[in-house]
Amino acid sequence: MKRKNVSLWLLTSAILFSSCASIVSKGVYPISINSTPSGANISVITSDGTELYKGNTPAVVNLKAGEGFFKRATYQVKFSKAGYDERIVPINFKVDGWYWGNIIFGGAIGMLIVDPATGAMYKLETEYLNETLTQTGTTQNEQELKIYGLDDIPAEWKEHLVRMSK
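Encoded structure:
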């Protein structure tokens with residue numbers, strides 16, 4: 001009879017004191033960051049402006065899902081490369097579906113304390129970033145000026161040349 005009571009107590013404790021998202025999910029997620037062209041400089045910046053990571057693409061960076069009690073983390077990735085426009089891309093987290101499993105399995109402690117405190121109630125919206133950088137100063141309708149020497153001009157153009165006086 002004692003063994004049955006202990007088993008029942010352990011099962012009840014596991015249900016009451018566990019948290020669904022903390023068990024099934026995690027509080028830190030890797031994100032793959034890439035760019036076209038590759039080799040761009042990247043900085044991962046937290047919401048308070050702290051530089052968390054600095055390196056080049058491709059890279060994998062581990063990010064905490066929570067930034068405090070009931071507060072999801074937010075980050076920005078700054079891409080830069082010589083000859084290309086700088087680009088800043090947000091990284092967002094959303095509520096993990098397993099968090100709602102606390103209604104059935106984790107109970108109030110999991111829903112109101114453990115998952116919000118560990119950040120496990122959130123997960124990455126995307127597991128990878130792949131940004132295409134734009135060359136600096138380029139537009140779709142860009143015209144350019146080319147200067148040719150007399151010897152470089154195609155023969156069919158020479159008949160349209162006009163002599164200018166000094």
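Counting with full-length UniProt numbering, you get residues 1 to 166 for the letters of the sequence shown. All residues carry an ideal CB built from backbone N, CA and C; glycine is no exception. Predicted model, so just to flag it, every value in this text is computed and none were measured.
Here Asp-85 has Leu-133, Thr-134 and Thr-136 as same chain residues with Cβ atoms under 7 Å from its own Cβ, once five neighbours each way along the sequence are excluded. The three-state secondary structure of Lys-158, taken from DSSP, is helix.
A residue is called buried when at least 16 other Cβ atoms come within 10 angstroms of its Cβ; Lys-166 does not meet this threshold and is exposed.
Between Ile-88 and Tyr-75, the C-beta spacing is not below 7 Å. Here DSSP, grouped into helix, strand and coil, assigns Leu-145 to coil. Selection Tyr-29, Val-28, Thr-36 and Pro-30 evaluated against Asn-130 yields Thr-36 as nearest (Cα-Cα). The Cβ neighbour count for Val-77, taken over all protein chains shown within 10 Å, is at least 16; the residue is labelled buried.
Taking C-beta separations shorter than 6 Å and ignoring five residues to either side along the sequence, the partners of Ser-47 in its chain run Thr-74, following chain order. Per the coordinates, the alpha-carbon of Ile-31 lies some 12 Å from the alpha-carbon of Tyr-53. Of the residues Met-164, Lys-64 and Gly-55, the one whose Cα lies closest to the Cα of Phe-79 is Gly-55. A straight-line Cα-Cα distance of about 15 Å links Lys-81 and Val-44. Boundaries for Ile-153: no beta strand (DSSP E) harbours it, and the DSSP string shows neither H nor E there. Val-28 and Ala-65 do touch by the CB rule: their CB atoms are close to 7 Å apart, below 8 Å. Within the region 34 to 85, the complete beta strand (DSSP E) runs of at least 3 residues fall at 41 to 46, 51 to 56, 59 to 64, 66 to 68 and 75 to 80. For Glu-131, the enclosing beta strand (DSSP E) starts and ends at 128 to 132. With fewer than 16 other beta carbons inside 10 angstroms of its own, Ala-155 counts as exposed. The continuous stretches of beta strand (DSSP E) do not include Lys-166, and DSSP gives it neither H nor E.
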